[in-house]
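One structure below.
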Amino acid sequence: MNRDVKVGVIAGHRGPLGKYQWNVLIFDRAYDEAKKILNSEQYAYVADQIKSLATEIDPTRSNLCSVDAIEDFHELREKHGMLGKINLRVFFFLDHERHAIVILGTIKKENNGPTPSGTRITIRRRKRLFCKGEINIPTLAAVGKGGPGDK
198 MNRDVKVGVI AGHRGPLGKY QWNVLIFDRA YDEAKKILNS EQYAYVADQI KSLATEIDPT
258 RSNLCSVDAI EDFHELREKH GMLGKINLRV FFFLDHERHA IVILGTIKKE NNGPTPSGTR
318 ITIRRRKRLF CKGEINIPTL AAVGKGGPGD K
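In case it helps, the working numbering puts the sequence shown at residues 198 to 348.
Structure (structure tokens):
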């Protein structure tokens, strides 16, 4: 398994929707999963949704996007519109130490029921690896840890 995480957004920087309140860290696997499901335009749209979450004080209680709690992580729900018939879920959790939204995985949901148990197990495992430091996590020291108080 690829155990790398990349920086997607730096807190304190400005984006199209305003100043980012949160860093965004993305598991390489989550990126790969999204690229297998989405075309370039769809991916850009979903990336903009994630960026909009990063502008909010509490991304888990978004005023801009549809977010639900699942166990001790969350899912961004997107379907229709730009995504057509794709019912997409982007799983994330908030790492308060790094003031980061950590994107753990992406799936195309095939039913209207609960998140599949296999997906929940995978997301829990990725979160555990991240929290234990068993993956390559980029340092945010060069740009600051970010957060509402920076800059």
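Just so it is clear, CB atoms sit at the ideal spot from N, CA and C, and this is done for glycine as well.
Nearest candidate by alpha-carbon position, reference D265, set C328, F289 and G281: On the sequence shown, position 68 is the one that residue 265 refers to. For the residues C328, F289 and G281, the minimum Cα distance to D265 belongs to F289.
Separation of G205 from G346, as counted between CA atoms: Counting from 1 along the sequence shown, the entry for residue 346 is found at position 149. Counting from 1 along the sequence shown, the entry for residue 205 is found at position 8. Here G346 scores only 39 on pLDDT, less than 50, and its place in the model is too uncertain to base an answer on.
Contact between the segment 212-223 and the segment 245-253 (3+ Cβ pairs under 8 Å): Taking 8 Å as the limit for Cβ pairs, the verdict is that the segment 245-253 does touch the segment 212-223.
Assumed close pair V287, E272 - CB separation to whole angstroms, cut-off 8 Å: For the purposes of this step, residue 287 is identified with residue 90 of the sequence shown, where counting begins at 1. For the purposes of this step, residue 272 is identified with residue 75 of the sequence shown, where counting begins at 1. For a cut-off of 8 Å, the C-beta gap from V287 to E272 is around 7 Å, short enough to register as a contact.
Buried/exposed call for H296, threshold 16 Cβ in 10 Å: As a working mapping, residue 296 is identified with position 99 in the sequence shown. It is buried - the Cβ of H296 has at least 16 other Cβ atoms within 10 Å.
Backbone secondary structure at E230 - three-state DSSP: Counting from one through the sequence shown, the residue named residue 230 turns up at place 33. Residue state, collapsed to three classes: helix.
Residue interval of the alpha helix (DSSP H) (run including L261): Within the sequence shown, residue 261 is the residue found at index 64, counting from 1. That residue, L261, is in no alpha helix (DSSP H); it is neither H nor E in DSSP.
Close-in-space but distant-in-sequence residues of the same chain around N236 (CB under 7 Å, 5 per side omitted): Stepping through the sequence shown from its first residue, residue 236 is reached at position 39. Cβ neighbours of N236 within its own chain (closer than 7 Å, five residues either side excluded): none.
Beta-carbon contacts of T336 that lie in its chain and below 8 Å, excluding the five residues immediately before and after: Walking along the sequence shown from the start, residue 336 turns up at place 139. Excluding residues within five positions, none has a Cβ falling inside 8 Å.
Strand pairing of A266, partner residues [DSSP]: Locating residue 266 in the sequence shown gives position 69, where the first residue counts as 1. Partner(s): H271.
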